[in-house]
């Protein structure tokens with residue numbers, strides 16, 4: 001059975017580990033993953049202060065997302081699915097839930113900075129390419145920036 005619910009602050013380590021496994025799925029080297037781990041740790045504070053939801057299958061968390069509302073823009077900070085669950089439609093379910101959650105919060109635009117490998121998923125979901133930005137993980141690397149505009 002599938003269930004999408006708010007993340008609990010005690011799940012920060014579980015979510016961090018899902019993010020790490022999901023990013024490693026793309027075959028990055030050790031240096032990249034060590035930098036990724038330190039930058040993209042999901043904190044209890046993030047979970048308690050931001051829209052953070054998990055998708056569960058048979059009571060096990062298989063993915064999650066986290067939305068950060070800033071003063072100037074709202075960004076999709078986290079969107080990860082367990083590697084064994086990639087390509088099975090869970091990402092689309094999670095995306096649709098994220099869009100509805102944002103709609104309820106009167107968010108009409110979401111900025112995404114993503115890996116080149118995940119870019120196509122977001123474009124399929126309706127995001128539009130908005131150039132490239134500097135990677136936080138590897139100096140000198142450029143990564144895709146996308147924007148998703150919600151129809152209100």
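Residue numbers (the working numbering): 1 to 152.
Ideal Cβ positions, reconstructed from N, Cα and C, are used throughout, including at glycine.
Note that the structure is predicted; figures quoted are calculated from it, not measured.
Beta-carbon proximity of residue i to residue j, cut-off 8 Å
i           : j           : result
residue 234 : residue 113 : Nothing about residue 234 can be read from this structure; the chain reaches only from 1 to 152.
residue 47  : residue 12  : yes
residue 130 : residue 143 : no
residue 103 : residue 53  : no
residue 128 : residue 74  : no
residue 49  : residue 67  : no
residue 115 : residue 30  : no
Nearest-angstrom beta carbon gap, residue j and residue i [assumed within contact, 8 Å]
i           : j           : result
residue 217 : residue 91  : Residue numbering for the chain in the displayed model covers 1 to 152; residue 217 lies beyond these limits and cannot be assessed.
residue 2   : residue 55  : 7 Å
residue 65  : residue 19  : The Cβ separation is near 11 Å, so there is no contact.
residue 35  : residue 137 : 5 Å
Residue i classed as buried or exposed, judged by whether at least 16 other C-beta atoms fall within 10 angstroms
i           : result
residue 133 : exposed
residue 155 : No statement about residue 155 is possible, as the shown extent of the chain runs from 1 to 152 and does not include it.
residue 185 : Because the chain in this structure spans residues 1 to 152, residue 185 falls outside the shown range and cannot be described.
residue 9   : exposed
residue 76  : buried
residue 107 : buried
Any C-beta of chain B under 8 Å from that of residue i
i          : result
residue 53 : Checking the listed chains, one finds no chain B in this structure; it contains a single protein chain.
### Task
Can you check the segment 38–89 for any beta strand (DSSP E) of at least 3 residues that lies completely inside it and give the ranges in chain order?
51–57, 60–69 and 74–81
### Query
For the segment 88–147, which segments carrying the beta strand (DSSP E) assignment without a break, of at least 3 residues, lie completely within its bounds, in sequence order?
109–113 and 128–134
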